[in-house]
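Undergrad: Protein chains in written order, with the working numbering: chain A, 1 to 347; chain B, 1001 to 1347. Cβ coordinates follow ideal geometry from the N, Cα and C atoms, glycine included.
Number of protein chains: 2
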Amino acid sequence: MTLRQRVWQRRNRLRNRFPKATLADVAERAGVSTSTASRALNGYAGLAPATREAVVLAAATLNFRPSALARSLRTRQTFTVGFVVPDVSSPFYAAALRGAQRKLEQSGYRVMLMDADQDVDRELAALQTLLNHQVDGLLIATAGMARTTFEDTVSSHETPTVFFDGVIDGAGQGAVTLDNDRGIRLLVDHLVDHGHERIALLAGSQRESAGVERLRTFREAVDAAPRYVKLCEWSIEDGRRAGHELLEDSPRATAVIASSAELALGFMAAAAARGVRIPDEFALVVFDDPYFGDLLEPSLTAVGYDTSLVGEQAADLLVNAMQSTVERRAVRVPVTLVRRRSCGCDG
Amino acid sequence: MTLRQRVWQRRNRLRNRFPKATLADVAERAGVSTSTASRALNGYAGLAPATREAVVLAAATLNFRPSALARSLRTRQTFTVGFVVPDVSSPFYAAALRGAQRKLEQSGYRVMLMDADQDVDRELAALQTLLNHQVDGLLIATAGMARTTFEDTVSSHETPTVFFDGVIDGAGQGAVTLDNDRGIRLLVDHLVDHGHERIALLAGSQRESAGVERLRTFREAVDAAPRYVKLCEWSIEDGRRAGHELLEDSPRATAVIASSAELALGFMAAAAARGVRIPDEFALVVFDDPYFGDLLEPSLTAVGYDTSLVGEQAADLLVNAMQSTVERRAVRVPVTLVRRRSCGCDG
DNA sequence: TTGTAAGCGTTATCAC
DNA sequence: GTGATAACGCTTACAA
Chain A
1 MTLRQRVWQR
11 RNRLRNRFPK
21 ATLADVAERA
31 GVSTSTASRA
41 LNGYAGLAPA
51 TREAVVLAAA
61 TLNFRPSALA
71 RSLRTRQTFT
81 VGFVVPDVSS
91 PFYAAALRGA
101 QRKLEQSGYR
111 VMLMDADQDV
121 DRELAALQTL
131 LNHQVDGLLI
141 ATAGMARTTF
151 EDTVSSHETP
161 TVFFDGVIDG
171 AGQGAVTLDN
181 DRGIRLLVDH
191 LVDHGHERIA
201 LLAGSQRESA
211 GVERLRTFRE
221 AVDAAPRYVK
231 LCEWSIEDGR
241 RAGHELLEDS
251 PRATAVIASS
261 AELALGFMAA
271 AAARGVRIPD
281 EFALVVFDDP
291 YFGDLLEPSL
301 TAVGYDTSLV
311 GEQAADLLVN
321 AMQSTVERRA
331 VRVPVTLVRR
341 RSCGCDG
Chain B
1001 MTLRQRVWQR
1011 RNRLRNRFPK
1021 ATLADVAERA
1031 GVSTSTASRA
1041 LNGYAGLAPA
1051 TREAVVLAAA
1061 TLNFRPSALA
1071 RSLRTRQTFT
1081 VGFVVPDVSS
1091 PFYAAALRGA
1101 QRKLEQSGYR
1111 VMLMDADQDV
1121 DRELAALQTL
1131 LNHQVDGLLI
1141 ATAGMARTTF
1151 EDTVSSHETP
1161 TVFFDGVIDG
1171 AGQGAVTLDN
1181 DRGIRLLVDH
1191 LVDHGHERIA
1201 LLAGSQRESA
1211 GVERLRTFRE
1221 AVDAAPRYVK
1231 LCEWSIEDGR
1241 RAGHELLEDS
1251 PRATAVIASS
1261 AELALGFMAA
1271 AAARGVRIPD
1281 EFALVVFDDP
1291 YFGDLLEPSL
1301 TAVGYDTSLV
1311 GEQAADLLVN
1321 AMQSTVERRA
1331 VRVPVTLVRR
1341 RSCGCDG
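1. Between the alpha carbons of VAL188/A and SER342/A, how many angstroms are there, rounded?
2. Anything in the stretch 130-143 of chain A with a Cβ closer than 7 angstroms to a Cβ of chain B? List those residues in chain order, please.
3. Closer than 9 angstroms, Cβ to any Cβ of chain A: which residues of the stretch 1075-1097 of chain B, in chain order?
4. Does the count of Cβ pairs from the stretch 1078-1096 of chain B and the stretch 1125-1142 of chain B closer than 8 angstroms reach three?
5. Under 9 angstroms between C-beta atoms, does GLU312/A make it to chain B?
6. With a cut-off of 9 angstroms, does the C-beta of HIS1244/B fall near any C-beta of chain A?
7. Considering just the uninterrupted stretch of the alpha helix (DSSP H) at ARG1065/B, what are its terminal residues?
8. What is the rounded straight-line gap between the Cα of ALA1037/B and the Cα of GLU1327/B?
9. Excluding five sequence neighbours on each side, which residues of the same chain lie with their C-beta closer than 6 angstroms to the C-beta of MET1/A?
10. Can you look up VAL326/A in the DSSP assignment and give me helix, strand or coil?
11. For my contact list, MET1322/B and PRO1091/B are in at a C-beta cut-off of 8 angstroms; report their separation, rounded to the angstrom.
12. Would you mind working out which of ASN320/A, ASP316/A, GLN313/A and ASP306/A sits nearest VAL335/A, comparing C-alpha positions?
13. List the whole-angstrom C-beta distance separating GLY311/A from LEU97/A, where the pair is believed to meet the contact cut-off of C-beta under 8 angstroms.
14. Counting beta carbon pairs with one atom in the stretch 109-119 of chain A and one in the stretch 50-60 of chain A, are three or more of them shorter than 8 angstroms?
15. So the alpha helix (DSSP H) MET1268/B belongs to, where does it begin and stop?
16. When the Cα atoms are used, what is the spatial distance from ALA95/A to ALA1242/B?
17. If you follow the beta strand (DSSP E) that ARG1110/B is part of, which residue opens it and which one closes it?
18. Decide if the stretch 175-182 of chain A is in contact with the stretch 234-248 of chain A; the criterion is three or more beta carbon pairs, one per stretch, under 8 angstroms apart.
19. List, in order along the chain, the chain B residues whose C-beta lies closer than 7 angstroms to that of ARG65/A?
20. Three-state secondary structure (DSSP) at ALA20/A?
21. If you compare alpha carbons, which of ALA1264/B, ALA1146/B and THR1148/B is closest to ALA1200/B?
22. Taking CB distances under 9 angstroms as the criterion, tell me whether HIS357/A reaches chain B.
23. Which residues in the same chain as ALA21/A place their Cβ atom closer than 6 angstroms to its Cβ, once the five residues preceding and following it in sequence are excluded?
24. The stretch 1265-1283 of chain B: which residues have C-beta closer than 9 angstroms to a C-beta of chain A, in chain order?
25. Are the CB atoms of ARG1340/B and THR1301/B nearer to each other than 9 angstroms?
26. Any idea what DSSP makes of ARG182/A, helix, strand or coil?
27. Candidates GLN101/A, ALA255/A and GLY31/A: which alpha carbon is nearest VAL286/A's?
28. Distance cutoff 9 angstroms, beta carbons only. Does LEU1164/B sit that close to anything in chain A?
29. For LEU1208/B, I'd like the list of residues in its chain whose CB is within less than 7 angstroms of its CB, leaving aside the five on either flank, ordered along the chain.
30. Cβ of VAL338/A less than 9 angstroms from any chain B Cβ?
31. Run the CB neighbour count on ALA1059/B, radius 10 Å, all protein chains shown included, and call it buried at 16 or more, exposed below.
32. For a test of the three-state rule: what should DSSP assign to ARG340/A, helix, strand or coil?
33. Name the DSSP bridge partner or partners of VAL222/A?
34. Here's a check: name, in chain order, each residue in its chain whose Cβ is nearer than 7 angstroms to the Cβ of LEU1231/B, leaving out the five neighbours to either side.
35. On a Cα-Cα basis, can you pick out the residue from SER67/A, SER72/A, ALA330/A and GLY31/A that is closest to ASN1132/B?
Set out below in structure tokens:
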């Protein structure tokens, strides 16, 4: 006997023991038709008050729970939104998820979560699954999907989509990103104010739009030697490796901008291993202010922002897009500089 | 015109422009009945190879995507699991979610996520929603739901449920928790080895089983003055507040166990504000080893564990419970002591 | 090996 | 105001 059959049998056994009330049961008990029962429960206007009460009462006594499945099949609306990220366990995406979930819940939507594990193929598979589930909308932080891939998969379904953090230029009904340009400029300017001339960058993944934008702005703002720009992914380990390279260099840079908190942590580990003191011998600033940023030694000078706001804004755009046809909109979440000690400030 | 009607109209417009292939379309194109088409696509055995090929081909050319909704309605299986936590953005739950998601995906299940925001009422609402969606199973970390509440809501549905971290004694088909008892004993013993006699505890929420267990074991292992035991929630702010109280006390304790990383961070902030040096003037150890634990000043002596393992194990138990009737099982995830400097070790 | 037909639990349409 | 009835898109007895 196959798994499916086993499960099926089990369901039926349970069903017999705990019969679940259906709309028909409610209608029967209230002495009306299922259509009337449906209308009563959905707050339809033109209905005799007495009828409505009878139905509501029947529903309550039978502990009636409408089947979201059946309703969705009929109405073509699932009130479910697909959420796709490269890694839910990363603080950034976790916070964005939280923000989005809260907003969506307020508008009556549920979240179906897919973790793509930094893999574009799995991202694609995730989208397929979500579309098969007829989600009403999509919230995506892509790890680098090609525009054509996205359009072939999703656009033909015309499922409203909003990107955040990892975006595809011009795709979808909206995009929410951090103000990467301003953030990098704040950091560069601050280091320059401290008198630094040889500034390096731990750039972060160049397959993600956030990494690309930060690098681009850095190049615009700083005339750095190519070897001061370290292309890498986002992990602590990447930061450590790049940090060692940077610290071995000669003439070496005097300051570095880390494109993420993890990269900064890795850099700090490398510096500690080599006995290089921060900020005395080497200054460090970060794009991203982790919540323990002022408890590190030294405390981190960083560009901070409201992470859950990213999710909230994305959710807002999506809700609009799902409820009516709207113009594509791009939103930037503001960032601010938080001065602490790793840059050389007194703290 | 109501929102629902607007959405409905929009759907219909889209539907006309981008007709989606249904099983009937596939069947027609392949020149067979829908039943045969269904069987072909589901890998049913007794079928002429030629027929199968024709159907598969038709499905491919029409870019057929089966409707998960319709299938679920018919089979009473959604292959969806509900995941309920007090706060997804917390590193612990985010990691657990990641682990669970990965395992569930391997078994073909999707995750529907609900964040209860530390609120038992919202937890309950979340469960209702998930049950309305006919989820096949439930993974819950409760912030303190009463057993009767849970049973009234879920048990009658007989939806397999596995608890993790925040559990309800004896409820559900399984429970996965950290080895809180062993963790606290490791920390206590280590402090005692350092010669401490007045040991305090930042206990964590007593509405969650993790907090309760840690406090209970602490009481068994340490004969502490009542004022050395600080009942609080889990936030950094709680840790700071309790930290100040502890440091004002006289005679004051010489060491403290923080029940979570956040509480430890709060304590460190309080100590820093008062100029109390750790570990020289006051030792600190933590239940929970944050990933930046060795980059703090001082680095944290902590009880560590594999967080995503919690989610994975819970998912494993749940998958078993969904596929056959099984005994209730309780699993403990092992913990280990990580010696660093906040306790007074040399590091 | 394949087709017919019933039905999963709702809601939209069209009568009355 | 309310009720019949036909979908929504699929799976599965049962029949052929």
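TA: Working from what's here:
1. Here the alpha carbons of SER342/A and VAL188/A stand approximately 14 angstroms from one another.
2. Residues LEU131, ASN132, HIS133 and GLN134.
3. Listed by position, the residues of the stretch 1075-1097 of chain B near chain A (Cβ gap below 9 angstroms) are THR1075, ARG1076, GLN1077, THR1078, THR1080, PHE1083, ASP1087, VAL1088, SER1089, SER1090, PRO1091, TYR1093, ALA1094, ALA1095, ALA1096 and LEU1097.
4. Three or more beta-carbon pairs drawn from the stretch 1078-1096 of chain B and the stretch 1125-1142 of chain B are found closer than 8 angstroms, and the two stretches are therefore classed as touching.
5. Cβ-Cβ to chain B under 9 angstroms: no for GLU312/A.
6. Contacts with chain A at 9 angstroms (Cβ-Cβ) do not include HIS1244/B.
7. First-last for ARG1065/B: undefined, no H or E at that position.
8. Going by the C-alpha atoms only, they are around 39 angstroms apart.
9. With a pLDDT of 49 at MET1/A, under the threshold of 50, the modelled position of that residue is not reliable, and no figure is offered here.
10. In the structure shown, the three-state DSSP call for VAL326/A is coil.
11. The C-beta distance from MET1322/B to PRO1091/B rounds to 28 angstroms, too long to meet the 8 angstroms contact threshold.
12. The residue with the shortest Cα to Cα distance from VAL335/A is ASP306/A.
13. Indeed they touch by this definition, with Cβ atoms about 6 angstroms apart.
14. No, the stretch 50-60 of chain A is not in contact with the stretch 109-119 of chain A.
15. That run of the alpha helix (DSSP H) goes 1261-1274.
16. The alpha-carbon atoms of ALA95/A and ALA1242/B are separated by roughly 26 angstroms.
17. Here the beta strand (DSSP E) through ARG1110/B covers 1110-1115.
18. With the cut-off at 8 angstroms, the stretch 175-182 of chain A and the stretch 234-248 of chain A do not touch.
19. For ARG65/A, the C-beta contacts it makes with chain B under 7 angstroms involve LEU1131 and ASN1132, in order along the chain.
20. The question names Ala, but residue 20/A in the sequence shown is Lys. Of the three classes helix, strand and coil, the one that applies to LYS20/A here is coil, per DSSP.
21. Of all alpha-carbon atoms in ALA1264/B, ALA1146/B and THR1148/B, the one lying nearest the alpha-carbon of ALA1200/B is that of ALA1264/B.
22. Limits of chain A in this structure are 1 at one end and 347 at the other, which puts residue 357/A out of reach.
23. Around ALA21/A: LEU62 and PHE64.
24. Taken in chain order, the members of the stretch 1265-1283 of chain B whose beta-carbon sits within less than 9 angstroms of a beta-carbon on chain A are LEU1265, MET1268, ALA1269 and ALA1272.
25. In this structure, THR1301/B lies closer than 9 angstroms to ARG1340/B by Cβ.
26. The three-state reading of DSSP puts ARG182/A in helix, counting H, G and I together.
27. When the alpha-carbon of VAL286/A is set against those of GLN101/A, ALA255/A and GLY31/A, the nearest one is in ALA255/A.
28. Per the sequence shown, the amino acid found at residue 1164/B is Phe instead of Leu. It does not; no Cβ of chain A falls within 9 angstroms.
29. First, the residue type needs correcting, since residue 1208/B is Glu and not Leu in the sequence shown. If we look at GLU1208/B and ignore the five residues flanking it on each side, its Cβ neighbours are ALA1143, GLY1144 and GLY1166.
30. No, because no Cβ of chain B sits closer than 9 angstroms to the Cβ of VAL338/A.
31. So ALA1059/B counts as buried.
32. Here ARG340/A sits in coil by DSSP.
33. None, per the DSSP bridge assignment.
34. Around LEU1231/B: ALA1203 and GLN1206.
35. The shortest CA-to-CA distance from ASN1132/B to any of SER67/A, SER72/A, ALA330/A and GLY31/A is the one to SER67/A.
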